[in-house]
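Chemist: Residue numbering for the sequence shown follows my numbering, beginning at 4 and increasing consecutively. Backbone N, C-alpha and C define an ideal beta-carbon position, used for all residues, glycine too.
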Amino acid sequence: MIRSLFATLLTAFSLATMAAPVVPSPPQVAAAAYVLIDADSGKVLVAQNADQRLPPASLTKLMTSYVLSHELAEGRVSKEDKVLVSENSWAQNPVFAGSSLMWIEVGKEVKLADLHRGIVVSSGNDATVAIAEHLAGTESAFADVMNGHAAELGMHGSHFVNSHGLPDPDHYTTAYDLARLANALIKDYPEDYKLYKEREFTYNGIPQYNRNRLLVEDPSVDGLKTGYTSEAGYCLVASAKRDGMRLISVVLGTDSKRTRESESRKLLNYGFRYFETHALYETGQQITATRVWKGLQEELNLGVGEQIYLTLPRGRSEDLKAVMELDETIVAPISKGTAYGILRVSLDGEELVETPLIALQDIAEAGFFARLWDSIVMFITGFLDI
Numbered sequence: 004m005i006r007s008l009f010a011t012l013l014t015a016f017s018l019a020t021m022a023a024p025v026v027p028s029p030p031q032v033a034a035a036a037y038v039l040i041d042a043d044s045g046k047v048l049v050a051q052n053a054d055q056r057l058p059p060a061s062l063t064k065l066m067t068s069y070v071l072s073h074e075l076a077e078g079r080v081s082k083e084d085k086v087l088v089s090e091n092s093w094a095q096n097p098v099f100a101g102s103s104l105m106w107i108e109v110g111k112e113v114k115l116a117d118l119h120r121g122i123v124v125s126s127g128n129d130a131t132v133a134i135a136e137h138l139a140g141t142e143s144a145f146a147d148v149m150n151g152h153a154a155e156l157g158m159h160g161s162h163f164v165n166s167h168g169l170p171d172p173d174h175y176t177t178a179y180d181l182a183r184l185a186n187a188l189i190k191d192y193p194e195d196y197k198l199y200k201e202r203e204f205t206y207n208g209i210p211q212y213n214r215n216r217l218l219v220e221d222p223s224v225d226g227l228k229t230g231y232t233s234e235a236g237y238c239l240v241a242s243a244k245r246d247g248m249r250l251i252s253v254v255l256g257t258d259s260k261r262t263r264e265s266e267s268r269k270l271l272n273y274g275f276r277y278f279e280t281h282a283l284y285e286t287g288q289q290i291t292a293t294r295v296w297k298g299l300q301e302e303l304n305l306g307v308g309e310q311i312y313l314t315l316p317r318g319r320s321e322d323l324k325a326v327m328e329l330d331e332t333i334v335a336p337i338s339k340g341t342a343y344g345i346l347r348v349s350l351d352g353e354e355l356v357e358t359p360l361i362a363l364q365d366i367a368e369a370g371f372f373a374r375l376w377d378s379i380v381m382f383i384t385g386f387l388d389i
């Protein structure tokens, strides 16, 4: 069975046989903190100070947008909802002086869909407060909602006190947390994620342009968000997809707009050039089969409970080794989803995957005489302990 599984791994990749390229050291990145991950496998390819708590500036709006997408998906609000602009969310609020705005006017109603674009494309601080008040009543209550989602997403290094990212000593996140949030946004709300590649949004007669210049310079980039305050420096979370492989980069605390773009491009190009991601097995795909005793069926199909992705140095897929460890004696009744073994996949002695092999079907117990016969056979062949 081990030989059969190993052959399956090798034939799963239709790759030409060639010498594996040498993977150079990661590039030097001029940022306070940065990380590069594969979106499917979650593999961290490059990281520096990725767990350091730093001010996120307008990258905060990724969470504001995520919460809004969640509320829309749950049906608690509609894109057609009209939101009344309060003095807090008014573009002329002195708190917003010198910051990015959508230019909404106090006392007027704005469609929720327009406010969503005002957050994502225009990076409007006024739009974020309008949405926070619409969804939670007050911005402080909305911050509690943001922190609840952060906890659910495993963003353990983050804490939010407002919806826009203007400086506050208790408002912080990490490069790794932002990569996790971006990945969740891409996967959980793919339709809303399309907003992040829009380059322009005009509201109230005022055109606003997406500040993510990588959207113009690199056709594989389709999101996400820029940020800047004097405390945070110039920041950028970017995502790109090439040949079916999606990477997410985060750079925090660079010294200029151009630097945040060049350093993000440097990370993305490194990842795409020297790594590749493979889907090893689909959810529910049969990997192997094994004998079942005392059941209405004699063969049990085994597979994995969730899709397995691996990100590897380019050209190394043929060096993967896989081993299955199956329960020695499996007796009906069988419940679908129950684990009856373990699949381990390794490269150069390093274990990359350890996941249960689960039953892909139910198998009911056989009748009395069939069970009796199997008991006799098991006793003779040594499968039955008495």
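Quick check on I379: buried or exposed, where buried means 16 or more other Cβ atoms within 10 Å of its Cβ?
Modeler: Working through the sequence shown from its first residue, we reach residue 379 at position 376. Result: exposed.
Chemist: Classify K111 as helix, strand or coil using the three-state DSSP reduction.
Modeler: In the sequence shown, residue 111 corresponds to position 108, counting from 1. Collapsing the DSSP output to three states places K111 in coil.
Chemist: Which two residues bound the contiguous beta strand (DSSP E) that contains F372?
Modeler: If you number the sequence shown from 1, residue 372 lands on position 369. Counting along the chain, F372 falls outside any beta strand (DSSP E), though it belongs to the alpha helix (DSSP H) covering F371 to T384.
Chemist: Any chance the stretch 224-243 sits against the stretch 106-113, with 3 or more Cβ pairs inside 8 Å?
Modeler: No, because fewer than three Cβ pairs between the stretch 224-243 and the stretch 106-113 fall closer than 8 Å, the two stretches do not touch.
Chemist: Looking at V253 and L188, is the spacing between their C-beta atoms short of 8 Å?
Modeler: By 1-based counting over the sequence shown, the position of residue 188 is 185. By 1-based counting over the sequence shown, the position of residue 253 is 250. No, the pair does not count as a contact, with Cβ atoms beyond the cut-off.
Chemist: Is there a Cβ of chain C sitting closer than 8 Å to that of Y196, yes or no?
Modeler: Among the protein chains of the structure shown there is no chain C, as only one such chain exists.
Chemist: Starting from G298, follow its DSSP beta bridges and name the residues at the other end.
Modeler: For the purposes of this step, residue 298 is taken as residue 295 along the sequence shown, with counting starting at 1. E368.
Chemist: Contact between the stretch 280-287 and the stretch 304-314 is defined here as three or more beta-carbon pairs at a separation below 8 Å; is this criterion met?
Modeler: yes
Chemist: Buried or exposed: where does A369 fall if 16 or more other Cβ atoms within 10 Å of its Cβ makes it buried?
Modeler: Position 366 of the sequence shown, counting from 1, holds the residue named residue 369. Buried.
Chemist: From what residue to what residue does the beta strand (DSSP E) around Y284 run?
Modeler: In the sequence shown, the residue the question calls residue 284 occupies position 281. Boundaries of the beta strand (DSSP E) around Y284: F278 to Y284.
Chemist: Looking at the structure shown, is S349 part of a helix, part of a strand, or coil, going by DSSP?
Modeler: The residue you call residue 349 lines up with position 346 of the sequence shown. Here S349 sits in strand by DSSP.
Chemist: Determine the extent of the beta strand (DSSP E) in which R245 is found, giving its start and end residues.
Modeler: For this step, residue 245 is matched to residue 242 along the sequence shown. Unbroken beta strand (DSSP E) run through R245: G236 to R245.
Chemist: Any idea if P97 is buried or exposed, counting beta-carbon neighbours within 10 angstroms, 16 or more meaning buried?
Modeler: Position 94 of the sequence shown, counted from the first residue, corresponds to residue 97. Exposed: under 16 other Cβ atoms inside 10 Å.
Chemist: Quick check on F275: does DSSP put it in helix, strand or coil?
Modeler: Within the sequence shown, residue 275 is the residue found at index 272, counting from 1. Looking at F275 - three-state DSSP - the assignment turns out to be helix.
Chemist: Are the beta-carbon atoms of L305 and L360 separated by less than 8 Å?
Modeler: Along the sequence shown, read from residue 1 onward, the residue named residue 305 stands at position 302. Along the sequence shown, read from residue 1 onward, the residue named residue 360 stands at position 357. Yes, they are a contact pair.
Chemist: Can you tell me which of the three DSSP states S252 falls into?
Modeler: Start at 1 with the first residue of the sequence shown, and residue 252 comes out as number 249. Of the three classes helix, strand and coil, the one that applies to S252 here is strand, per DSSP.
Chemist: Quick one: Cα of W296 to Cα of Q364, how far?
Modeler: Along the sequence shown, read from residue 1 onward, the residue named residue 296 stands at position 293. Along the sequence shown, read from residue 1 onward, the residue named residue 364 stands at position 361. Answer to the nearest angstrom: the Cα atoms are 15 Å apart.
Chemist: At a cut of 8 Å, does the stretch 167-180 reach the stretch 59-79 through at least three beta carbon pairs?
Modeler: Short answer: they touch.
Chemist: Hey, would you say D322 sits closer than 8 Å to L299, going by beta carbons?
Modeler: What you label residue 322 is simply residue 319 of the sequence shown in a count that begins at 1. What you label residue 299 is simply residue 296 of the sequence shown in a count that begins at 1. No, the Cβ-Cβ distance between D322 and L299 is not below 8 Å.
Chemist: Go ahead and pull the three-state DSSP assignment for E357.
Modeler: The count along the sequence shown starts at 1 and reaches residue 357 at position 354. It is a strand residue.
Chemist: For D54, name the three-state secondary structure that DSSP assigns.
Modeler: Here residue 54 refers to the residue found at position 51 of the sequence shown. Correct three-state label for D54: coil.
Chemist: Quick one: what does DSSP say H174 is sitting in, helix, strand or coil?
Modeler: Counting from one through the sequence shown, the residue named residue 174 turns up at place 171. H174: coil per DSSP, three-state reduction.
Chemist: Please identify the residue among S28, I134 and D84 whose C-alpha is closest to the C-alpha of Y69.
Modeler: Residue mapping note: residue 69 aligns to position 66 of the sequence shown, counting from 1. Y69 has its Cα closest to that of I134, out of S28, I134 and D84.
Chemist: Please report how far the alpha carbon of A325 lies from the alpha carbon of T358, in whole angstroms.
Modeler: Here residue 325 refers to the residue found at position 322 when the sequence shown is read from its first residue. Here residue 358 refers to the residue found at position 355 when the sequence shown is read from its first residue. Approximately 11 Å between the Cα atoms of the pair.
Chemist: State the start and end residues of the unbroken alpha helix (DSSP H) segment that holds K64.
Modeler: Your numbering for residue 64 matches position 61 in the sequence shown. Where K64 is concerned, the enclosing alpha helix (DSSP H) stretches over K64 to A76.
Chemist: Taking the Cβ atom as the reference point for each residue, do Y179 and D43 lie within a distance shorter than 8 Å?
Modeler: Along the sequence shown, one-based indexing puts residue 179 at 176. Along the sequence shown, one-based indexing puts residue 43 at 40. For Y179 and D43, no; Cβs fall outside 8 Å.
Chemist: Please list, in chain order, all residues of the same chain as K200 whose beta carbon is under 7 Å from its beta carbon, the five residues on each side excluded.
Modeler: By 1-based counting over the sequence shown, the position of residue 200 is 197. Excluding sequence neighbours, K200 sits near L218, D225 and G226.
Chemist: Determine, using beta carbons only, whether V32 and E266 come nearer to each other than 8 Å.
Modeler: For the purposes of this step, residue 32 is taken as residue 29 along the sequence shown, with counting starting at 1. For the purposes of this step, residue 266 is taken as residue 263 along the sequence shown, with counting starting at 1. Yes, Cβ-Cβ distance for V32 and E266 is below 8 Å.
Chemist: Would you call the stretch 114-134 and the stretch 65-84 in contact, with 3 or more CB pairs under 8 Å?
Modeler: yes
Chemist: Run through DSSP, which three-state label would M105 get?
Modeler: Start at 1 with the first residue of the sequence shown, and residue 105 comes out as number 102. Coil at M105, not helix or strand.
Chemist: Hey, which unbroken runs of the alpha helix (DSSP H) at 4 residues or more fall wholly within the stretch 158-207?
Modeler: 178-191 and 193-196
Chemist: Is the beta carbon of V307 less than 8 Å from the beta carbon of L271?
Modeler: Within the sequence shown, residue 307 is the residue found at index 304, counting from 1. Within the sequence shown, residue 271 is the residue found at index 268, counting from 1. Contact: no.
Chemist: Assign I333 to one of three DSSP states: helix, strand, or coil.
Modeler: Residue mapping note: residue 333 aligns to position 330 of the sequence shown, counting from 1. In the structure shown, I333 sits in coil (DSSP, three-state: anything other than H, G, I, E or B).
Chemist: By the 10 Å Cβ neighbour count, where 16 or more other Cβ atoms means buried, how is R268 classified, buried or exposed?
Modeler: As a first step, residue 268 is located in the sequence shown; it is residue number 265 there, counting from the start. By the 10 Å Cβ count, R268 comes out buried.
Chemist: Rounded to whole angstroms, what is the Cα-Cα separation between F382 and R374?
Modeler: Taking the first residue of the sequence shown as 1, we reach residue 382 at position 379. Taking the first residue of the sequence shown as 1, we reach residue 374 at position 371. Cα-Cα distance, rounded: 12 Å.
Chemist: Report yes if the C-beta of G121 is less than 7 Å from at least one heavy atom of the ligand FMN; otherwise report no.
Modeler: You won't find the ligand FMN in this model; it holds no ligand whatsoever.
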